[in-house]
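Here the structure comes first, spelled out in structure tokens, and everything after it is commentary.
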Amino acid sequence: MSMRDEQMYKQEIAKRLDKILPPSDIPALGEVYHGKVRDVYVQDEHIIMVATDNLSTFDHVMETLIPYKGIVLNMFAKRAFDQVKDILPSAMVDSPDPSVVVQKKLTNV
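So that you can map any letter, position 62 of the sequence shown is 736 in the numbering used here, and since no number is skipped, the others follow by simple counting.
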């Protein structure tokens, strides 16, 4: 990558720093567990996962937030579930927002 391209990317990221999604706290959604990059709300039948823009390395959450990181993570997950839905059922119920996934509450075996 050239120095010019790097500067361009840095400028584009700087323009979007006001569009970050920090950790959430929405009591109406249920009991919350804050993971490294997702906030997980536990309800009776569902789990709501909000993908934040947190950056983590080696199990440590950094102070830096990356714009749209949570949305991109959810896009990858949703695409993977969509690709196999004909042959393998998943727990995913809905994605009402690009940063949110609703899934069935399951029991680990």
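Cβ atoms here follow ideal geometry from the backbone N, Cα and C, with glycine treated the same way. Only a predicted model underlies this, so the values are computations on that prediction, with no experimental measurement involved.
At 4 residues or longer, and completely inside the segment 695–761: list those alpha helix (DSSP H) runs for me, N to C. Correct list: 743–758.
Considering only their Cβ atoms, is the gap separating Pro772 from Leu691 smaller than 8 Å? What you label residue 691 is simply residue 17 of the sequence shown in a count that begins at 1. What you label residue 772 is simply residue 98 of the sequence shown in a count that begins at 1. Pairing Leu691 with Pro772 gives a Cβ-Cβ distance that is not under 8 Å.
Roughly how many angstroms separate the alpha carbons of Val776 and Ala751, rounded to a whole number? Within the sequence shown, the letter at position 102 stands for residue 776. Within the sequence shown, the letter at position 77 stands for residue 751. Roughly 12 Å separates the two Cα atoms.
CB-CB length for Thr726 against Pro696, believed under 8 Å: For this step, residue 726 is matched to residue 52 along the sequence shown. For this step, residue 696 is matched to residue 22 along the sequence shown. Indeed they touch by this definition, with Cβ atoms about 6 Å apart.
In whole angstroms, what is the alpha-carbon distance linking Asp718 and Pro770? Locating residue 718 in the sequence shown gives position 44, where the first residue counts as 1. Locating residue 770 in the sequence shown gives position 96, where the first residue counts as 1. As the crow flies, the alpha-carbon of Asp718 is around 19 Å from that of Pro770.
So does the segment 719–739 actually touch the segment 675–682, counting three or more Cβ pairs closer than 8 Å? These segments do not touch.
On the premise that Lys778 lies in contact with Val767, defined as a C-beta separation below 8 Å, what is that separation, rounded to the nearest angstrom? The sequence position of residue 767 within the sequence shown is 93, counting from 1. The sequence position of residue 778 within the sequence shown is 104, counting from 1. Going by Cβ atoms, the distance from Val767 to Lys778 rounds to 6 Å, so yes, they are a contact pair.
Where does Met675 land, buried or exposed, given buried means 16+ other C-beta within 10 angstroms? The residue given as residue 675 occupies position 1 in the sequence shown. With a threshold of 16 other beta carbon atoms within 10 Å, Met675 falls short and is exposed.
Could you check which residue in Asn782, Val711, Met723 has the C-alpha nearest to that of Thr738? Here residue 738 refers to the residue found at position 64 of the sequence shown. Selection Asn782, Val711, Met723 evaluated against Thr738 yields Val711 as nearest (Cα-Cα).
Just the Cα atoms here: how many angstroms apart are Met677 and Lys743? On the sequence shown, position 3 is the one that residue 677 refers to. On the sequence shown, position 69 is the one that residue 743 refers to. So the two alpha carbons sit approximately 24 Å from each other.
Under a Cβ-count criterion, where at least 16 other Cβ atoms within 10 Å of its own Cβ denotes burial, should Met723 be classed as buried or exposed? The count along the sequence shown starts at 1 and reaches residue 723 at position 49. Buried, since its Cβ has 16 or more Cβ neighbours within 10 Å.
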